[in-house]
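Worksheet: one structure, shown below.
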Amino acid sequence: MALIYLALGVVMGAVIGIQPEWSQRLRFVHIHLNLLGFVTMMIAGVAYHVLPRFNARPVPWPGGILVHFILHNAGLIGMSATHLAGGLWSGGLLHAVFVGFALMTGAGLLIMVYNLFFVLLAPREGP
Numbered sequence: 004m005a006l007i008y009l010a011l012g013v014v015m016g017a018v019i020g021i022q023p024e025w026s027q028r029l030r031f032v033h034i035h036l037n038l039l040g041f042v043t044m045m046i047a048g049v050a051y052h053v054l055p056r057f058n059a060r061p062v063p064w065p066g067g068i069l070v071h072f073i074l075h076n077a078g079l080i081g082m083s084a085t086h087l088a089g090g091l092w093s094g095g096l097l098h099a100v101f102v103g104f105a106l107m108t109g110a111g112l113l114i115m116v117y118n119l120f121f122v123l124l125a126p127r128e129g130p
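So the sequence shown is numbered by my numbering: it starts at 4 and just counts up by one.
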């Protein structure tokens, strides 16, 4: 999924370069697809795979990995779509939907923080 976000972010960056007048509307989505989409999802995937192995500690809520993935992606896609529809500036229902998607993304990220925090800080078992 992270690579899909990278491809979308690169294409959107090229569109902004070709059509600078679109940059105000597309900039937010371009940045979020690259940072929350590619960078954060890549870090999460690698961290979920590597950290439990390196620290010999299990993820405290394995089911939370799927919940994080769903909330993070649905929130990011929804937030991007409602932003393009004017949700950040429009007020009313569209703005409330935008905020809901942003909160969904944030909730997914907090689940990731919870899972990885305790993998890194759990006490070591036995000698």
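Here a beta-carbon is modelled for each residue, glycine too, at the ideal position from N, C-alpha and C.
Predicted model only: the values in this text are computed from it and were never measured.
{"Asked": "Among M82, G90, G103 and G109, the one whose alpha carbon lies nearest that of L36", "Found": "M82"}
{"Asked": "Span separating the alpha-carbon of V32 from that of L79", "Found": "9 Å"}
{"Asked": "Beta-carbon gap between I114 and H71 smaller than 7 Å", "Found": "yes"}
{"Asked": "Cβ-Cβ distance between F101 and L112 below 7 Å", "Found": "no"}
{"Asked": "Spatially closest choice to M44 from G20, L29, I73 and F121, by CA coordinates", "Found": "I73"}
{"Asked": "Rounded distance between the beta-carbons of V49 and N118, thought under 8 Å", "Found": "Between V49 and N118 the Cβ distance is about 14 Å, and since that is not below 8 Å, they are no contact."}
{"Asked": "Inter-residue spacing [alpha-carbon to alpha-carbon] between H98 and T108", "Found": "15 Å"}
{"Asked": "Spatial distance of R30 from I19 (CA atoms)", "Found": "8 Å"}
{"Asked": "Distance between L124 and P23 (C-alpha atoms, nearest Å)", "Found": "46 Å"}
{"Asked": "Where G66 falls, given that 16 or more other Cβ within 10 Å makes a residue buried", "Found": "exposed"}
{"Asked": "Among R28, Q27 and V42, nearest to L9 - alpha-carbon criterion", "Found": "V42"}
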